[in-house]
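Enquirer: Structure below; questions to follow.
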Amino acid sequence: MEARVSSGVLTKTQSPFLSPLRGRKLQSLRNMSTLPNTIHNHQFSNASLYLRSTFSSRTHGFKQAIKDDSREFELSSLTALSPLDGRYWGKVKDLAPYMSEYGLIYFRVLVEIKWLLMLSQIPEVIEVPSFSAEAQSYLLGLIDGFSMDDALEVKKIERVTNHDVKAVEYFLKQKCQSQPEIAKVLEFFHFACTSEDINNLAHALMLKEAMTKVMFPTMDKLVEAICKLAKANASVSMLSRTHGQPASPTTLGKEMAIFAVRLSRERQEISQVEMMGKFAGAVGNYNAHIVAYPTVIWPQIAEQFVTSLGLKFNPYVTQIETHDYMAKLYYAIIRFNNILIDFDRDIWGYISLGYFKQITKAGEIGSSTMPHKVNPIDFENSEGNLGKANEDLTYLSMKLPISRWQRDLTDSTVLRNMGGGLGHSLLAYKSVLQGIGKLQVNEARLSEDLNQAWEVLAEPIQTVMRRYGVPEPYEKLKELTRGRAVTKESIREFIEGLELPEEAKTHLLKLTPHSYVGAAVELAKTVDSAVNVINGSEVLETCR
1162 MEARVSSGVL
1172 TKTQSPFLSP
1182 LRGRKLQSLR
1192 NMSTLPNTIH
1202 NHQFSNASLY
1212 LRSTFSSRTH
1222 GFKQAIKDDS
1232 REFELSSLTA
1242 LSPLDGRYWG
1252 KVKDLAPYMS
1262 EYGLIYFRVL
1272 VEIKWLLMLS
1282 QIPEVIEVPS
1292 FSAEAQSYLL
1302 GLIDGFSMDD
1312 ALEVKKIERV
1322 TNHDVKAVEY
1332 FLKQKCQSQP
1342 EIAKVLEFFH
1352 FACTSEDINN
1362 LAHALMLKEA
1372 MTKVMFPTMD
1382 KLVEAICKLA
1392 KANASVSMLS
1402 RTHGQPASPT
1412 TLGKEMAIFA
1422 VRLSRERQEI
1432 SQVEMMGKFA
1442 GAVGNYNAHI
1452 VAYPTVIWPQ
1462 IAEQFVTSLG
1472 LKFNPYVTQI
1482 ETHDYMAKLY
1492 YAIIRFNNIL
1502 IDFDRDIWGY
1512 ISLGYFKQIT
1522 KAGEIGSSTM
1532 PHKVNPIDFE
1542 NSEGNLGKAN
1552 EDLTYLSMKL
1562 PISRWQRDLT
1572 DSTVLRNMGG
1582 GLGHSLLAYK
1592 SVLQGIGKLQ
1602 VNEARLSEDL
1612 NQAWEVLAEP
1622 IQTVMRRYGV
1632 PEPYEKLKEL
1642 TRGRAVTKES
1652 IREFIEGLEL
1662 PEEAKTHLLK
1672 LTPHSYVGAA
1682 VELAKTVDSA
1692 VNVINGSEVL
1702 ETCR
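Per the working numbering, the sequence shown runs over residues 1162 to 1705.
Structure follows, in structure tokens:
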């Protein structure tokens, strides 16, 4: 069983997983069925004792079956410790080419080869002459043709070296022995590099590709979907609720537009984070470089190399890149996710109020015991996964910028978990998109609530009274409405008794909870303009 990369798409038979736990033996699962063998509570009924005895004997049989089975728990969607690599794999697998162990190895290979090519362009490094077109093509072919078999070969070498980056170097030396030009300069693979020179660039490229190819397109689809929801319901009046109580009306579309703009703003902030890289040797000073080739201006070479990969150069580093940009990126994603949690909870509430119906699908079940249930599971799934994502991203943001002296190794194992935060975020975004696709506005239910909330007109009435100098306008409306049942008739009677210009009084008499929505309709209809202004040239086409 293997996974292959074909036309840039990773397919899973047994493929790169997002969790670093993916390749370990699941020995701890063997002990999960352990149960106490002694009954301490003597008040159990005979039936309870019988059931416990039966259950214990069967779990003993299960444990014995596991013990007797010569097969190990092989890694699969059923045995993966992370649900991203099991239950939810189909929704997050687009991240695997970038955020998996495979992705890390691939980008390490890319960096090592690109560095050798860079060395061949430095005149002072005469030991590595310029490569012929054939040799360059051979090296670039190792990148373009990198396969799952290649990654597995690197892992095989690592089992001997017990060093993952050195395994990549040895792999490349093996691959290039047959190419005459490159075979002469094999020792210039990984020249003057510390492992972190390779790793930090690989991690930055992993993040850049994952964000560009997977996360941003999905974020944009999400903003687009909410834009459509906003414009389609721009004129659908809705009772607002502040502190959970009836408040001045709005429109359903305008409330959706708020989320589209908020998410778009954070998406733009995320896109502004520059992925950074270093290439300055063991402690950031080019010590070995300068000893080997004193006349080369190595900081300038390093900057050229890092920027050639599409990354921002960080000149002031220790052995590691400081990871500050990662913290900035992850915190920006957390803000995006927090806004989406707010959206999930609002939609959940609107469904609970009956403002939205959910389109059902034949064969689906909402509750194992209550047949009538149609639960808002997509928004609940999203909220849960966003919480998990934010927890992971928060830890990464707090941990990664901290490293003892010139470096410690704590960041190494933590960086292997980057895929988790992005994976749970991606899963949440797709759940929201799926949920939005099931929503059906229930205008009758929205209208019903508005018709029972005439008290919300107290605000415009007392505001007009202030304009025309009517004494104690707020207090008079408070006396009329607070804690009392307010009807259309009682509101009209109050207005007609006011000493106001006839034009003002007529205008107030025409007001209803449905029409008292201020600029909400226009705000919803023009949400595309607001989103486009935020995104500059990156116009969301379907929001036009």
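By construction, the Cβ of each residue, glycine as well, lies at the ideal position given by its N, Cα and C atoms.
What does the Cβ neighbour count give for residue 1701, buried or exposed, with the cut at 16 atoms within 10 Å?
Expert: Your numbering for residue 1701 matches position 540 in the sequence shown. Its pLDDT being 46, under 50, residue 1701 is placed unreliably in this model, and the value from its coordinates should be taken loosely. Buried: at least 16 other Cβ atoms inside 10 Å.
Enquirer: Pull up the distance between the alpha-carbon of residue 1671 and that of residue 1612, whole angstroms please.
Expert: One-based indexing of the sequence shown puts residue 1671 at position 510. One-based indexing of the sequence shown puts residue 1612 at position 451. Taking the straight line joining both Cα atoms gives about 14 Å.
Enquirer: Once DSSP output is grouped into helix, strand and coil, what is the label at residue 1280?
Expert: Position 119 of the sequence shown, counting from 1, holds the residue named residue 1280. Residue 1280: helix per DSSP, three-state reduction.
Enquirer: Please name the residue in 1566, 1510, 1575 and 1448 whose C-alpha comes closest to that of residue 1488.
Expert: Looking up residue 1488 in the sequence shown gives position 327. Per the Cα distances, 1575.
Enquirer: Count the other CB atoms within 10 Å of the CB of residue 1324; is the residue buried (16 or more) or exposed (fewer)?
Expert: Here the question's residue 1324 lines up with position 163 in the sequence shown. Its Cβ having fewer than 16 others within 10 Å, residue 1324 is exposed.
Enquirer: Using the C-alpha atoms, what's the distance from residue 1429 back to residue 1381?
Expert: As a first step, residue 1381 is located in the sequence shown; it is residue number 220 there, counting from the start. As a first step, residue 1429 is located in the sequence shown; it is residue number 268 there, counting from the start. Between residue 1381 and residue 1429, the C-alpha separation is close to 10 Å.
Enquirer: Are the Cβ atoms of residue 1328 and residue 1267 separated by less than 9 Å?
Expert: In the sequence shown, residue 1328 corresponds to position 167, counting from 1. In the sequence shown, residue 1267 corresponds to position 106, counting from 1. It is not a contact, given that the beta carbons lie outside the stated cut-off.
Enquirer: Check residue 1396 in the structure and name its three-state DSSP category.
Expert: In the sequence shown, residue 1396 corresponds to position 235, counting from 1. Residue 1396: coil per DSSP, three-state reduction.
Enquirer: Using 9 Å as the threshold, is the C-beta distance between residue 1592 and residue 1554 below it?
Expert: The residue you call residue 1592 lines up with position 431 of the sequence shown. The residue you call residue 1554 lines up with position 393 of the sequence shown. No. Outside cutoff.
Enquirer: Does DSSP classify residue 1661 as helix, strand or coil?
Expert: What you label residue 1661 is simply residue 500 of the sequence shown in a count that begins at 1. Note: residue 1661 maps to coil in three-state DSSP.
Enquirer: For the beta strand (DSSP E) that residue 1406 lies in, which residues bound it at each end?
Expert: Counting from one through the sequence shown, the residue named residue 1406 turns up at place 245. Start and end: 1406–1412.
Enquirer: Work out the CA separation of residue 1360 and residue 1316 for me, nearest whole Å.
Expert: On the sequence shown, position 155 is the one that residue 1316 refers to. On the sequence shown, position 199 is the one that residue 1360 refers to. Going by the C-alpha atoms only, they are around 16 Å apart.
Enquirer: Would you identify the three-state DSSP class for residue 1506, choosing helix, strand or coil?
Expert: Position 345 of the sequence shown, counting from 1, holds the residue named residue 1506. Collapsing the DSSP output to three states places residue 1506 in a helix.
Enquirer: The beta strand (DSSP E) with residue 1600 in it runs from where to where?
Expert: The count along the sequence shown starts at 1 and reaches residue 1600 at position 439. 1600–1602 is the extent of the beta strand (DSSP E) around residue 1600.
Enquirer: State yes or no: is the C-beta of residue 1749 within less than 9 Å of the C-beta of residue 1424?
Expert: Coverage of the chain is limited to positions 1162 through 1705, which leaves residue 1749 absent and any answer about it impossible.
Enquirer: Could you please give the first and the last residue of the uninterrupted beta strand (DSSP E) stretch that includes residue 1519?
Expert: If you number the sequence shown from 1, residue 1519 lands on position 358. Residues 1517–1519.
Enquirer: Please check the pair residue 1631 and residue 1660, which I expect to be a contact at CB under 8 Å, by giving their CB distance rounded to whole angstroms.
Expert: Translated into the one-based positions of the sequence shown, residue 1631 becomes position 470. Translated into the one-based positions of the sequence shown, residue 1660 becomes position 499. Correct: roughly 7 Å between the Cβ atoms.
Enquirer: Going by the DSSP bridge assignment, what does residue 1401 pair with across the sheet?
Expert: Indexing the sequence shown from 1 puts residue 1401 at position 240. Note: residue 1401 sits in a beta bridge opposite 1408.
Enquirer: Between residue 1690 and residue 1491, what straight-line distance do the alpha-carbon atoms span, to the nearest angstrom?
Expert: In the sequence shown, the residue the question calls residue 1690 occupies position 529. In the sequence shown, the residue the question calls residue 1491 occupies position 330. Answer to the nearest angstrom: the Cα atoms are 28 Å apart.
Enquirer: Rounded to the nearest angstrom, what separates residue 1162 and residue 1180 at their Cα positions?
Expert: Taking the sequence shown and counting its residues from 1, one reaches residue 1162 at position 1. Taking the sequence shown and counting its residues from 1, one reaches residue 1180 at position 19. Note on residue 1162: pLDDT 34, under 50, position unreliable in the model; no value is reported.
Enquirer: Taking the C-alpha atoms as reference points, what is the distance between residue 1439 and residue 1432?
Expert: For the purposes of this step, residue 1439 is taken as the residue at position 278 of the sequence shown. For the purposes of this step, residue 1432 is taken as the residue at position 271 of the sequence shown. If you take the alpha carbons of residue 1439 and residue 1432, they lie about 21 Å apart.
Enquirer: I need the straight-line Cα distance from residue 1193 to residue 1237, nearest angstrom please.
Expert: Reading the sequence shown from its first residue, position 32 is the one you call residue 1193. Reading the sequence shown from its first residue, position 76 is the one you call residue 1237. In this predicted model, residue 1193 has a pLDDT of only 44, less than 50, meaning its place in the structure is not dependable enough to derive any value.
Enquirer: Considering only C-alpha positions, which residue in the set 1674, 1283 and 1482 is nearest to residue 1566?
Expert: By 1-based counting over the sequence shown, the position of residue 1566 is 405. The option with the nearest alpha carbon to residue 1566 is 1482.
Enquirer: Taking buried to mean at least 16 other C-beta atoms within 10 Å of its own C-beta, is residue 1707 buried or exposed?
Expert: The chain is shown only over 1162 to 1705; residue 1707 falls outside these bounds and no answer can be derived.
Enquirer: Beta-carbon within less than 6 Å of residue 1449's beta-carbon, same chain only, minus the 5 sequence neighbours each way: which residues are those?
Expert: Here the question's residue 1449 lines up with position 288 in the sequence shown. 1353 and 1442.
Enquirer: Could you check what DSSP says for residue 1437 in three-state terms: helix, strand or coil?
Expert: The residue labelled residue 1437 in the question sits at position 276 within the sequence shown. Of the three classes helix, strand and coil, the one that applies to residue 1437 here is strand, per DSSP.
Enquirer: Can you tell me where the alpha helix (DSSP H) with residue 1542 in it begins and where it stops?
Expert: Taking the sequence shown and counting its residues from 1, one reaches residue 1542 at position 381. Where residue 1542 is concerned, the enclosing alpha helix (DSSP H) stretches over 1538–1560.
Enquirer: Quick one: residues in its chain with C-beta nearer than 8 Å to the C-beta of residue 1466, no 5 flanking neighbours on either side, listed in chain order?
Expert: Here residue 1466 corresponds to residue number 305 of the sequence shown, with the count starting at 1. Within the same chain, residue 1466 has close Cβ partners 1275, 1276, 1279 and 1440.
Enquirer: Let me know if residue 1204 comes out buried or exposed under the rule of 16 or more other beta-carbons within 10 Å of its beta-carbon.
Expert: As a position in the sequence shown, residue 1204 is number 43, starting the count at 1. Legend: pLDDT at residue 1204 = 46, less than 50; position of this residue unreliable, value from coordinates given subsequently. Residue 1204 is exposed by the Cβ-count criterion.
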